[in-house]
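All remarks here apply to the structure that follows.
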Amino acid sequence: MNPSADMSMLHLIAQASWAVKAVMILLVAMSLWSWWMIGYKALVLKRAAKETEAFEDKFWSGGDLNDLYAYVKTNGDKNGPNAKMFEAGFREFVKQMRQPNGQDNQDKPAILDATRRAMRVATSRELEKLERGLPGLATVASVSPYIGLFGTVWGIMNSFRGLASVGQATLAQVAPGIAEALIATAIGLFAAIPAVIAYNRFTTQVERLESRFETFAEEFQNILQRQA
1 MNPSADMSML HLIAQASWAV KAVMILLVAM SLWSWWMIGY KALVLKRAAK ETEAFEDKFW
61 SGGDLNDLYA YVKTNGDKNG PNAKMFEAGF REFVKQMRQP NGQDNQDKPA ILDATRRAMR
121 VATSRELEKL ERGLPGLATV ASVSPYIGLF GTVWGIMNSF RGLASVGQAT LAQVAPGIAE
181 ALIATAIGLF AAIPAVIAYN RFTTQVERLE SRFETFAEEF QNILQRQA
């Protein structure tokens with residue numbers, strides 16, 4: 001070990017052992033993926049919240065449900081999550097009402113139950129789309145520090161193994177090896193911290209949307225019950 005070794009960041013990374021370099025590359029890849037997912041989920045959740053609010057305004061504007069259903073079917077993928085819930089529920093409601101016993105009062109609970117199940121399936125499908133990618137962020141947030149710590153331990157171990165052949169060890173001799181090892185921990189924290197913050201934020205946003213979906217479903221079912 002050279003006491004006057006270059007302590008610049010790039011030099012330390014270049015001089016790191018193959019195991020520490022592999023850890024660094026893995027952590028950088030995980031960090032890049034998490035930042036891409038953060039940007040993507042931010043846009044998706046912002047769009048879902050905007051579309052949900054827009055459809056709720058249209059739903060409560062007092063228009064005819066048949067006209068609203070036709071509007072939702074016409075717009076297709078441009079609809080928000082609650083619009084797709086409405087479409088699934090209203091389609092099932094109309095289908096059940098057109099059955100031979102659909103106008104029978106004794107069959108109304110079965111009709112409303114079928115409508116409720118259709119909306120529940122649609123809600124689960126939309127929530128699954130909104131939650132897509134969040135487990136990956138949680139994995140990056142929880143695993144990155146430990147991967148970085150592994151690289152640090154491996155680098156420090158190599159540094160002390162190198163000191164075994166030195167008669168008198170000094171801080172200048174051991175510093176470069178420890179410094180390059182600690183870079184792995186720093187990269188691990190750099191990957192983990194944004195992932196933790198984003199995961200918590202996105203989870204809260206999904207839970208808020210889920211609460212709005214459940215409220216909308218209950219109110220829509222009450223309207224259908226009165227119509228039935």
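Per the working numbering, the very first residue in the sequence shown carries number 1; after that it's consecutive.
C-beta atoms are modelled at their ideal positions from N, C-alpha and C, and glycine is treated no differently.
Keep in mind it's a predicted model, so treat the numbers as computed, not measured.
Between leucine 224 and threonine 52, the gap from beta carbon to beta carbon reaches 8 Å or more. Between alanine 122 and lysine 73, the C-beta spacing is not below 8 Å. Alanine 198 is positioned such that its CB atom lies no closer than 8 Å to that of isoleucine 25.
Excluding the 5 residues flanking it on each side, threonine 185 has same chain C-beta neighbours closer than 8 Å at Pro145, Gly148, Leu149, Gly151, Thr152, in chain order. Collapsing the DSSP output to three states places serine 61 in coil. In this structure leucine 43 is exposed. Its beta-carbon is surrounded by fewer than 16 other beta-carbon atoms within 10 angstroms.
If the five residues before and after arginine 98 are omitted, its C-beta is found closer than 7 Å to no C-beta atom of its own chain.
Between isoleucine 187 and leucine 27 a beta carbon distance of about 4 Å is seen, short of the 8 Å cut, so the two are scored as contacting.
As the crow flies, the alpha-carbon of leucine 209 is around 9 Å from that of leucine 45.
Scanning the segment 25–80 from its first residue to its last, no whole beta strand (DSSP E) run of 3-plus residues comes out.
Taking the Cα positions, methionine 119 is about 16 Å away from leucine 65. Taken in chain order, the complete alpha helix (DSSP H) segments of 4 residues or longer contained in the segment 91–133 are 108–131. Here serine 17 carries a coil assignment [DSSP, helix/strand/coil].
Leucine 130 is a Cβ neighbour of valine 206, given a cutoff of 8 Å. When the beta-carbon positions are compared, isoleucine 156 and isoleucine 183 stay at least 8 Å from each other. Distances from the alpha-carbon of lysine 21 to those of Ala181, Ile193, Arg212, Phe90 put Ala181 closest.
Rounded to whole angstroms, the separation of the alpha carbons of leucine 134 and phenylalanine 90 is 31 Å. Taking the Cα positions, tryptophan 154 is about 17 Å away from valine 143.
In chain order, Gln96 place their CB closer than 8 Å to the CB of alanine 110, counting only its own chain and leaving out the 5 sequence neighbours on each side.
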